[in-house]
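S.K.:
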Amino acid sequence: MGMSLKCKSIEPIPSDTRALGKRLLAPTDPYRIIGDRLSDFVCDEDFVDLYSNEGKPASPPPCWL
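The numbering of the sequence shown is this note's numbering, which starts it at 1 and goes up by one.
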């Protein structure tokens, strides 16, 4: 099934952002855990049913990167 969202992989967190997160967030902080593991379990293909096959190409949600 095609979709209007063009899939792309989640890019790694930039090294300076990762270093700041390690300084500011505890290893058990949910935001740090999500940032460290997000690309392991989420990709655009998981959301294919949320996008129409018709119309203009969809834009992926904004990313913090």
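The C-beta atom is built at its ideal place from N, Cα and C for all residues, glycine as well.
#1: For residue 28, report the span of its alpha helix (DSSP H) as first-last.
#2: Can you look up residue 15 in the DSSP assignment and give me helix, strand or coil?
#3: Can you tell me the Cβ-Cβ gap for residue 32 and residue 38, rounded? I've got them flagged as a contact below 8 Å.
M.R.: The answer reads as follows:
#1: One-based indexing of the sequence shown puts residue 28 at position 28. No alpha helix (DSSP H) holds residue 28; DSSP gives it neither H nor E.
#2: Along the sequence shown, one-based indexing puts residue 15 at 15. Looking at residue 15 - three-state DSSP - the assignment turns out to be helix.
#3: As a first step, residue 32 is located in the sequence shown; it is residue number 32 there, counting from the start. As a first step, residue 38 is located in the sequence shown; it is residue number 38 there, counting from the start. 11 Å between Cβ atoms; not a contact.
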